[in-house]
Amino acid sequence: MVLAPSVAGLFKWRQFEPEMILLAVVWYLRFSLSYRDVEELLAERGLLVDHVTVWRWVQRYAPEIQRRLRPRLRPTNDGWRVDETYIRVKGKRVYLYRAVDSKGATIDFLLSAKRDAVAAKRFLAKALGGENHPAPRVINTDQHAGYPPAIAQLKAEGVLEEDCQHRPVQYLNNVLEQDHRTIKRRVRTSQHFRSFWGASHTIAGYEAIHMIRKGQACYSAVAKKVGLL
């Protein structure tokens, strides 16, 4: 793996080589592994790293992978599929809002403590602010009552185009329901999260690796380059 020069400062004062740190982070985000599993895999390669250290690495670098991947994503299409699923943080439900296009390419995501019109609006506004997808021609959602007022408010504020159609047709979201499974499978392996902050950072990494695996990056070698960071 080759590190981009701009990455060097991210690893200042770290005891281990950046390549090994990032390898451990990607292992955790990509595969159904626990932090202890990653600790054991590193030990087999001669690196004695506590699983808590691996957790710290994930919290530090998973959001960085997501942030640096964004400018390299291919454009999505203008048919949005929007839905929310729940995960557990400290035993309580929180909601992961996600959007994909009609082909299944990830548009955006947001972890929210609540499932209401305010959360729906915040998520849609975040997604609309992205640079890698055109303004939506249609937004397909489920029947949740939070979406119509959120969409209406965004249109009134000029954030969403007036001619964008809202289509609450459940079966058209099947592509998104299937996409949810990958993220939820990784969440189950993590045995749930202990803080909202930790959940948000880790899921950012899950989503980044998932986008790379779906071929959304602009060059085919991106998955092999830690230099994308």
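Under the working numbering, think of the first position of the sequence shown as 80, with each following residue one higher.
No residue lacks a Cβ here, since even glycine has one placed at the ideal position from N, Cα and C.
Treat the numbers as computed from the prediction; the structure is a model and nothing was measured.
Sheet register partners of G158 (DSSP bridge) = V217
Give me the Cα-Cα distance between V161 and K169, rounded to the nearest whole angstrom.
-> 26 Å
When you compare only the Cα positions, how much space is there between Y107 and V137?
-> One C-alpha to the other measures close to 8 Å.
So the beta strand (DSSP E) D187 belongs to, where does it begin and stop?
-> T185 to S191
Grab me the residues of Y226's own chain with a C-beta within less than 6 Å of its C-beta, minus the 5 sequence neighbours each way, in chain order.
-> A199 and T220
What is the DSSP secondary structure of D116, reduced to helix, strand or coil?
-> The answer is helix: DSSP assigns D116 an H, G or I state.
Figure out for me which residue from L207, L126, V128 and A287 has the closest Cα to the Cα of C243.
-> L207
Between H259 and R177, which are expected to be in contact by the criterion C-beta below 8 Å, what is the C-beta distance as a whole number of angstroms?
-> 7 Å
Excluding five sequence neighbours on each side, which residues of the same chain lie with their C-beta closer than 6 Å to the C-beta of Y165?
-> R172 and Y174
For the alpha helix (DSSP H) containing V133, list its first residue and its last residue.
-> H130 to L148
Could you please give me the residues that DSSP links to D180 through a beta bridge?
-> D180 is bridged to W159.
The stretch 100-118 / the stretch 129-143 touching (three or more Cβ pairs under 8 Å) = yes
Count the other CB atoms within 10 Å of the CB of Y140; is the residue buried (16 or more) or exposed (fewer)?
-> buried
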